[in-house]
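Protein chains: 4
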Amino acid sequence: MGLLSSFSSSYFDGGCFLKVQNEIKDSNIRQFLLRASVASSTPKSLNFSEMKAQISEKFRIGVLGASGYTGSEIIRLLVNHPNFEITLMTADRKAGQSIGSVFPHLVTQDLPDMVAVKDADFSNVDAVFCCLPHGTTQEIIKSLPNNLKIVDLSADFRLRDVDEYKEWYGQPPQSTRPAERSSLPLIPLIKAKLIEVRNIIIDSKSGVSGAGRGAKEANLYTEIAEGIHSYGITRHRHVPEIEQGLSEAANSEVTVSFTPHLMPMSRGMQSTIYVELAPGVSTQDLYQELRSFYENEEFVTLLEKNEVPHTRHVRGSNYCFMNVFPDRIPGRAIIISVIDNLVKGASGQALQNLNLMMGNPENTGLLYTPLFP
Amino acid sequence: MGLLSSFSSSYFDGGCFLKVQNEIKDSNIRQFLLRASVASSTPKSLNFSEMKAQISEKFRIGVLGASGYTGSEIIRLLVNHPNFEITLMTADRKAGQSIGSVFPHLVTQDLPDMVAVKDADFSNVDAVFCCLPHGTTQEIIKSLPNNLKIVDLSADFRLRDVDEYKEWYGQPPQSTRPAERSSLPLIPLIKAKLIEVRNIIIDSKSGVSGAGRGAKEANLYTEIAEGIHSYGITRHRHVPEIEQGLSEAANSEVTVSFTPHLMPMSRGMQSTIYVELAPGVSTQDLYQELRSFYENEEFVTLLEKNEVPHTRHVRGSNYCFMNVFPDRIPGRAIIISVIDNLVKGASGQALQNLNLMMGNPENTGLLYTPLFP
Amino acid sequence: MGLLSSFSSSYFDGGCFLKVQNEIKDSNIRQFLLRASVASSTPKSLNFSEMKAQISEKFRIGVLGASGYTGSEIIRLLVNHPNFEITLMTADRKAGQSIGSVFPHLVTQDLPDMVAVKDADFSNVDAVFCCLPHGTTQEIIKSLPNNLKIVDLSADFRLRDVDEYKEWYGQPPQSTRPAERSSLPLIPLIKAKLIEVRNIIIDSKSGVSGAGRGAKEANLYTEIAEGIHSYGITRHRHVPEIEQGLSEAANSEVTVSFTPHLMPMSRGMQSTIYVELAPGVSTQDLYQELRSFYENEEFVTLLEKNEVPHTRHVRGSNYCFMNVFPDRIPGRAIIISVIDNLVKGASGQALQNLNLMMGNPENTGLLYTPLFP
Amino acid sequence: MGLLSSFSSSYFDGGCFLKVQNEIKDSNIRQFLLRASVASSTPKSLNFSEMKAQISEKFRIGVLGASGYTGSEIIRLLVNHPNFEITLMTADRKAGQSIGSVFPHLVTQDLPDMVAVKDADFSNVDAVFCCLPHGTTQEIIKSLPNNLKIVDLSADFRLRDVDEYKEWYGQPPQSTRPAERSSLPLIPLIKAKLIEVRNIIIDSKSGVSGAGRGAKEANLYTEIAEGIHSYGITRHRHVPEIEQGLSEAANSEVTVSFTPHLMPMSRGMQSTIYVELAPGVSTQDLYQELRSFYENEEFVTLLEKNEVPHTRHVRGSNYCFMNVFPDRIPGRAIIISVIDNLVKGASGQALQNLNLMMGNPENTGLLYTPLFP
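Below, the structure is given as structure tokens:
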């Protein structure tokens, strides 16, 4: 049973969680909101040729918050997508402007002008990506038509909102965000009980685009170039979600050390993860587990032994490269994984999710080769 | 008559020059070598459905010099190309290595290992891209089978070699290189006699990838970051070719001032061009001429008035953005054009050429949206 | 007669212009405001030992607008200055904060906290540097005590304000700003009638710090890194001042073409200047004129022939490196000069001016070797 | 008792180790070679005025390996040093060249031309800095005159060479290198038994200049910009020295996890260190210990609580900024320290050492304020 049917089966069994094992999409995908009415309205028995027919008409996609970096990135991916077309883009502060005036690199694309979200016409939209600034998503999503499919890239539906969220939507949200890509190598190793769940240390190095396009002194070129610094030490907003994912995998509460660093690069995130091996386990065992766990995952690549992942080798692509190395300290290992934070860490993953929701092969429109140098 | 048939007609009339007017492909394309035997063996009357049938088998492509930046870029473009597939890659110093060990960003691709050019088997190759280091191309091309189609990205067949070249190949080479993309806005304006051909000043700013992947002290990160400098002042190797192109357009000998600058960026080239207007001509006239000249060219975009082209807005794409501005000094204008030097300035343009040679729409496999930020 | 006495003699002859020939300090220095009462109160006959005695007490310096980049740079230069000490720093939005919280790189320095300019106590200040945002300087300077010496780094006293300025201060301002460093090589060549004053084309490449520390989307790391673009084409605010300086040198009105480009570097400015030689003049003549004109100027270095100036080779220093090259087009030359825009282009030049005003050797506290790499 | 006398007393007590407590100069300084004859010839009772007199003649300094980055950095620091002057510079491959042709940023300095080390005349040299490539230092140092004072910045005298070293020099070398600056915060905490010596994890982020000026593909701008990667995982050459320093502090064998990362910045190194607190110890205890340990150390700055060290805030300076933060995982802490790898991590520290050897205040010529932005 392929990924798609695997997905479909759980999907139409009344659940809203994606049950594709290998990339742990059930817990790792970004916020993925499906109202009951939407889920039930999706045809259960759509076969591939029916899907193709449907696809030939293309699904109509809205991008809410199209003037930020995750917004422009989802647009970049959508303009060449064979099954989706953009029919709506909102950006309150840029309402009335063309995409070319907001993002000149998209000037060659034939796209609708930006509108304010309050003026948006959702009648010709099948699904939306929410790329809204933090703190604004909840109100807007509440106001959306019931039949819309929604993939949320924002960080609004925090874990602490679960109860409130349930009240509104009748089900818990699936809530994960880019940083949790740090968990990609950890979850299978924890599930297989190959590493200890205590003292997991994640030293993360992130590109500046993760901070968004808002004008802040701290993100000026002059404040970022040619240096590095940590930020949000011990209290980064991604930590609770990482811990929730790992806790589920471990069936026990996991607390991690997570220290992000801001780097002079626009895109990319490396997680250097320091772990303790379970008794009797070797680094080779970790390598084998990751190899078998991800062997059918197109976008997760375990490199050859000793090959070091570089962020610049996944730039602009939906790939996650990872590897595992023995530590000098006996009984420990070092895991390194890299992604493009705007693609696998945000818009690419979101599109991968919508592909699955809409019945496309999950790699549709995502096979961009990394741009190097 | 569309681009393709326009191309075809001149192509099969026994000439080897591409006669597509608007992007001045006859003079601006990169070295484009077709031996007589090759040209005549191409079916004259292939209609589109026949081409499609042929395409379904895919043309088999070799990349000579696959371990450099133009080599890896042509590979990046080819791996998603619907009509071409790579069946041969040569790199003498990396012979025997996999693409993933030479270019880890391509590790997910299923590609043949590198071989030495002397060991290459051309029996399963229809066309090759020559991405060889300067000074080595000529000997290698001489040794290639006669029936190969060749697109040469190197700078070997200099203008001074024309006579020698003719002796070997029975026809003159078409020889243009990335820098001559500087000529894209100039040639139509000269042809239309809107600007003077004297005192044309081209101030060019280039990314470091143009210097190749060879290990040189001058191109170390530490020697390039956070600074700018000019190089090759007045004697850059691209000058003769620029001057030849402009001279042809002017029907008189043109000498230009060309000063390249090396910038701390991996990709991109901006040409800031200072020109004198012909008597009675306004900047608006230049704008109109460029608008009409390039209106049907998918990859050349004249921006809206006052919009400034940025190199980062074409990064990773085959687009050229340009615009024209009035100078403070009456009777003068400033023209700015930007490209990605590895795409429109090298591998993308080369692929555009092979598309035409092979009867594909010229944009096939080239519709990458720029990667920003 | 040395620089110092040269300066003194003109200084106390009732004029306010610095009459040091070689670096054209009379016209090229930044805004240099001296009220009559100040000038006359300065002892005319101070000899060097008297100065030393005075110096042993150190002059007390205020920095107005200490939270911006020119402010922090003047502080960097002052903390190691043997004759000046900072006794006041103002920054309205950061009032009450320590220097370490505003500029952590200065945290080891023992400096007063920032105050709002309206709360500043000027009773223990001998001279101030005005590093205020554009548009605010004029009002503040009017309110300063009469006995303060002032060096203004802002761009407020524009040329058009001269009449109004005179009304207030009884004398014209000396008004020059960083960009006019572009004029350093031009003025002696114009004075010597070695180049034509028509069609002077200045293609300028600037670091981002010149745009200040204000939070603007356009100056985010993600919007600047790995690219280049022009800005303010033909209407940059520095143009009138450049033209005024050149017009004075030429004794006729000069209009220049000036196109600035924003580069991914924090510091540095290169001017690539394209000029027409006067009849019978050679590039070698230009070289000789610059050699003799600047041979006694410590901070202006004409490089050896063919050596290309790099911005990174003057980073953090008060040096200007320049050179002249023959153009391919006969009768033309290319002049390249580089500075650190925050030092020679702003705070270093301002300190050089205050050194002269206070009777110090002009290089006092300015002999920082460039920081490379 | 000040640092100087503290140093002197141990120095002349027949030992060769610097016994300045706080910055742990006895163990942390770089290779510091003093032959017995040299040590004994140094006057024991030199008072400050005698030193001044001696200083007025300036010590004559040689720089061996002047064409690399640590070489140019020691030159940058020496040209403004009040007590030292450069009288010899060697660089075998650049023999006969001027400093300006090898390092244009030093072109304004009046310095001797480079010579081959075999042609060097040591008769007018009092002390040398060895900035030689790895693997060449030992032979050259053996051939030096006996009366030379030597500060070695290379990595040649590895720990395993101690016995051989002793044979030659009659005393053990003091052998520490830049990376061991990672130990600055660790050693006092280990000595005070505030942290466990097991599972110390050092995640290090380094600038590219640490890799030297040699032409390597891996260090090209295009291979480094806009990305990050780990290198030398678990087997970096600095590890043994770090472990030796910590083992000495702990009086037991310490094994650390040390993972360096190469960053797109020319200068700077951040160490993010993850430690386990000893039972009953709080992060606050660590902070207090570091505060008291380093309070008299001019170049080691413990920041205010919660202030995060940035590499860019020490660029070009000899400062080390550090701070300590509580981890999310109870019983753990995160220590962050930053330096400029070329200054505090190499040439600045070396000069600090020579200052002490020569009886200067250790900060002489080292009070450069960081260059920001």
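Chains as they are written, first to last, in my numbering: chain Y, 117 to 489; chain W, 117 to 489; chain A, 117 to 489; chain G, 117 to 489.
Virtual Cβ for every residue (Gly too), placed ideally from N, Cα, C.
- Taken in chain order, the members of the region 293–327 of chain G whose beta-carbon sits within less than 7 Å of a beta-carbon on chain Y are Asn315, Ile317, Asp319 and Lys321.
- Using a Cβ-Cβ cut-off of 7 Å, W/Leu194 does not count as an interface residue toward chain Y, since no Cβ of chain Y sits closer than that to its own.
- Going by beta carbons, Y/Leu487 and W/Leu269 fall outside the 7 Å limit.
- The Cβ of Y/Thr388 sits no closer than 7 Å to any Cβ of chain W.
- The Cβ of A/Glu189 sits no closer than 7 Å to any Cβ of chain Y.
- One Cα belongs to A/Ala207, the other to A/Ala236, and the distance between them is close to 10 Å.
- Chain-ordered, the chain W residues with CB closer than 9 Å to the CB of A/Val424 read His345, Ser346, Tyr347 and Ile349.
- A Cβ of chain A is located within less than 7 Å of the beta carbon of Y/Asn335.
- The region 447–466 of chain A and the region 397–408 of chain G do not touch, with fewer than 3 CB-CB distances between them shorter than 8 Å.
- Using a Cβ-Cβ cut-off of 7 Å, W/Phe441 counts as an interface residue toward chain A, since at least one Cβ of chain A sits closer than that to its own.
- Using a Cβ-Cβ distance cut-off of 8 Å, the region 441–452 of chain Y and the region 369–376 of chain G are in contact, since at least three pairs of beta carbons, one from each stretch, lie closer than that value.
- Contact between the region 428–448 of chain Y and the region 341–357 of chain G is present: 3 or more CB-CB pairs across the two stretches fall below 8 Å.
- Distances from the CA of Y/Glu359 to each of Y/Ser387, Y/Gln386 and Y/Ser299 were compared; the closest alpha carbon is that of Y/Ser299.
- DSSP lists Y/Ala449 as the bridge partner or partners of Y/Pro442.
- Within chain G, the C-beta atoms nearer than 8 Å to that of W/Pro380 come from Tyr337 and Ala341, in chain order.
- Just so you know, the alpha carbons of A/Met474 and A/Leu467 end up roughly 10 Å apart.
- Among the CB atoms of chain A, one or more fall inside 7 Å of the CB of G/Gly432.
- Annotation: Y/Arg329 to G/Ile266 spans about 52 Å, alpha carbon to alpha carbon.
- For A/Val267, the secondary structure class from DSSP, reduced to helix, strand or coil, is strand.
- As DSSP reads the structure, A/Gln360 sits in no beta bridge.
- Taking C-alpha positions only, G/His221 is separated from G/Leu483 by approximately 20 Å.
- Close to Y/Arg448, with beta-carbon spacing below 9 Å, are these residues of chain G in chain order: Asn315, Ile317 and Ser373.
- Check the Cα spacing between A/Arg176 and each of A/Pro198, A/Ala365 and A/Met230: the tightest is with A/Pro198.
- In the DSSP assignment, the residues bridged to W/Gly178 are W/Leu204 and W/Val244.
- Under the Cβ distance rule, Y/Leu418 does not count among the residues neighbouring chain W, no pair being separated by less than 7 Å.
- Annotation: the continuous alpha helix (DSSP H) that includes G/Gln468 extends over Gly464 to Met473.
- Of all alpha-carbon atoms in W/Ile340, W/Ser433, W/Asn412 and W/Ile190, the one lying nearest the alpha-carbon of W/Thr485 is that of W/Ser433.
- Taking the Cα positions, Y/Met379 is about 34 Å away from G/Glu369.
- W/Ile191: member of the alpha helix (DSSP H) spanning Tyr185 to Leu194, first to last residue.
- Annotated three-state conformation of G/Ser382 is coil, per DSSP.
- Interface annotation, W/His354: not in contact with chain Y, CB-CB separation never under 7 Å.
- At a Cβ-Cβ threshold of 7 Å, G/Cys246 and G/Thr186 do not count as neighbours.
- Contact of A/Gly384 with chain W is assigned, a C-beta pair being separated by under 7 Å.
- Cβ contact annotation for A/Leu406 (same chain, cutoff 8 Å, sequence separation greater than five): Pro301, Pro304, Leu305, Leu418, Met438 and Val440, in chain order.
- If you draw a straight line from the Cα of W/His352 to the Cα of A/Leu204, it is about 53 Å long.
- A Cβ of chain Y is located within less than 7 Å of the beta carbon of G/Arg444.
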